[in-house]
Amino acid sequence: MPKIKVIELLKSFSLEEMRQMDKFVKSPAFNRHEKVSLLFAYLRKQLQRGTKHISGEKIFKHLFPGEALKMQKVHHVSSYLLKVVEEFLAWKEWRGDEMGFHLSLLQSYRRLQQPTFFYRELGSTLKTHKKSILKNSKYYEQGYKMESLRFAQMRTDSKNKDFRLQELSGAQDTAFIIEKLKIACILLSNQAVTKKTYDMGMVPFVQQYVERSNLLDNPTLAIYYYASKALSNFTDDPSYQELKKLLLKYPQNFNINELYDIHIFAINYCIRKLNNGEQQFMREVFDIYKSGIETNIFLEKGMLAPRTYSNIVMAGLKLGEFAFIQSFIYDYKDKLPEKEREGFFNYNLARFYFEKNDYSRAMPLLLLMEYDDVLLTSQGKILLAQMYFEQKEMDALTSLLQSLSIYIKRKKMIGYHSISYLNFTNLLNKLIHIKNIKS
């Protein structure tokens, strides 16, 4: 039987969203179908009970008691409910965007030809807008939309001669440039990781325009400008330093997702420098990660990505930040996704003890290590092999290298990592052979 799509969607709702949806579906302004209300109430009850499988047959009996089973009728009602749910989600997003609400209201006053209401609302909205702590790309987009609406109203108002055309043009330029540079940073950052080449289009011309204008007085624009310059030229340390300085000074201009992206732009620049042999940038990477951890920007719904967890540990250990890293490993263990928690915790704690030359604590954490994450398991076995080699446990090392080679060849999804891992096993086998000849 085909899945009832609306059930999967409702499973993602919070309790509060379910309460709001209940009011929404009962409102005749949004729903006039009794069966739709009945279906939502039934599904809500089943989901609250934790019912894993809600059968279509039971839904039919609840909606059409005493009738012969016709699943098409269930799908018909559920499709109506899906439309109501989608309308609720769109309404919730719109109503949650306070500035978007006021811009829609301004458009309505224009449509109704109510200039008095329009200018009163415009004045109030402009005051609210100026008080906003956020000064991100959306803020400047909203500023342009207000100027555009003001211009449209002034054109229909014969009493107004000053159409504020310069303000309209300037607001459009600022909004466009910020958004263009923001997208450029995303393209350049992804290009550095995936090795895919993107056509940057107008970006070089936009950068040149910024350079010969006075636009760098705008911190938001300047941050994306310097990030785009650094990411497009990995020898441009002055742009990176300006980016870092402005980011530390104006973090309040951005929401948490934007701050995450900007921190990643800076980290990607540093990683390219590290790959080029400029090891002093390890301190830069660590400081950026540490700043992000302190402000929680690397947490998504309270959880920390396992790779980010490992990257922070790696950077800290290379710098000898042992006290911080030991606390970090334990403090953020419970913020790792549950399925990956044990593996990444054990591996990173083992790395900590390895760097401290405390093999007696490191090795037990790795001996039974085989998790769903292929790269993590391979890295754990490599770390264990290094310790066997240091302790001259050649029999155990030989056995481990054989099993590691088999494991790597068997796991096709390991990709280009398999080359470096197999090179490691081959090199270590050669070293074992040399040691055996000498002994």
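Taking the numbering used here, I'd label the letters of the sequence shown as residues 1 to 439.
Note that the Cβ used here is the ideal one computed from N, Cα and C, for glycine as well.
Quick check on the burial criterion: 16 or more other C-beta atoms within 10 angstroms. Buried or exposed for residue i?
i: P238; result: exposed
i: Y144; result: buried
i: K392; result: exposed
i: I477; result: Coverage of the chain is limited to positions 1 through 439, which leaves residue 477 absent and any answer about it impossible.
i: R351; result: buried
i: I267; result: buried
i: F322; result: exposed
i: Y209; result: exposed
i: T220; result: buried
i: H263; result: buried
i: Y332; result: buried
i: E338; result: exposed
i: A222; result: buried
i: E211; result: exposed
i: T128; result: exposed
i: A29; result: exposed
i: I297; result: buried
If you reduce the DSSP assignment to three classes, tell me which class residue i lands in.
i: L134; result: coil
i: M444; result: Given that the chain is displayed from residue 1 to residue 439, the structure contains no residue 444 and the question cannot be resolved.
i: I54; result: coil
i: M1; result: Here the model assigns M1 a pLDDT of 43, short of 50, so the residue's position is not dependable, and the following value carries that caveat. In the structure shown, M1 sits in coil (DSSP, three-state: anything other than H, G, I, E or B).
i: N190; result: helix
i: I453; result: Because the chain in this structure spans residues 1 to 439, residue 453 falls outside the shown range and cannot be described.
i: N257; result: helix
i: D331; result: helix
i: E294; result: helix
i: G277; result: coil
i: A68; result: coil
i: R32; result: coil
i: K145; result: helix
i: Q391; result: coil
i: E284; result: helix
i: D236; result: coil
i: Q113; result: coil
i: M202; result: coil
i: F354; result: helix
i: R150; result: helix
i: T174; result: helix
i: E321; result: coil
i: P337; result: coil
i: S108; result: helix
i: T197; result: coil
Taking Cβ to Cβ, would you say residue i is nearer than 9 Å to residue j?
i: L365; j: L349; result: yes
i: L246; j: Y269; result: no
i: I312; j: Y289; result: yes
i: Q113; j: L149; result: no
i: S405; j: L431; result: no
i: E355; j: L317; result: yes
i: G292; j: L336; result: no
i: S310; j: Y347; result: yes
i: F88; j: V74; result: no
i: L181; j: Q142; result: no
i: S12; j: L39; result: no
i: N214; j: I178; result: no
Have a look at residue i and residue j and give me their C-alpha separation to the nearest angstrom.
i: E93; j: K52; result: 28 Å
i: R111; j: Q172; result: 23 Å
i: L188; j: R307; result: 21 Å
i: R44; j: G302; result: 26 Å
i: F286; j: K244; result: 13 Å
i: A396; j: S232; result: 48 Å
i: L401; j: L383; result: 11 Å
i: K135; j: R49; result: 43 Å
i: T295; j: L248; result: 11 Å
i: G343; j: E98; result: 43 Å
i: M1; j: L15; result: The predicted position of M1 is uncertain, since its pLDDT is 43 and thus under 50; no value can be drawn from it.
i: F176; j: A184; result: 12 Å
i: A41; j: F101; result: 30 Å
i: L126; j: I256; result: 24 Å
i: T398; j: N429; result: 7 Å
i: F118; j: Y109; result: 5 Å
i: K70; j: I408; result: 53 Å
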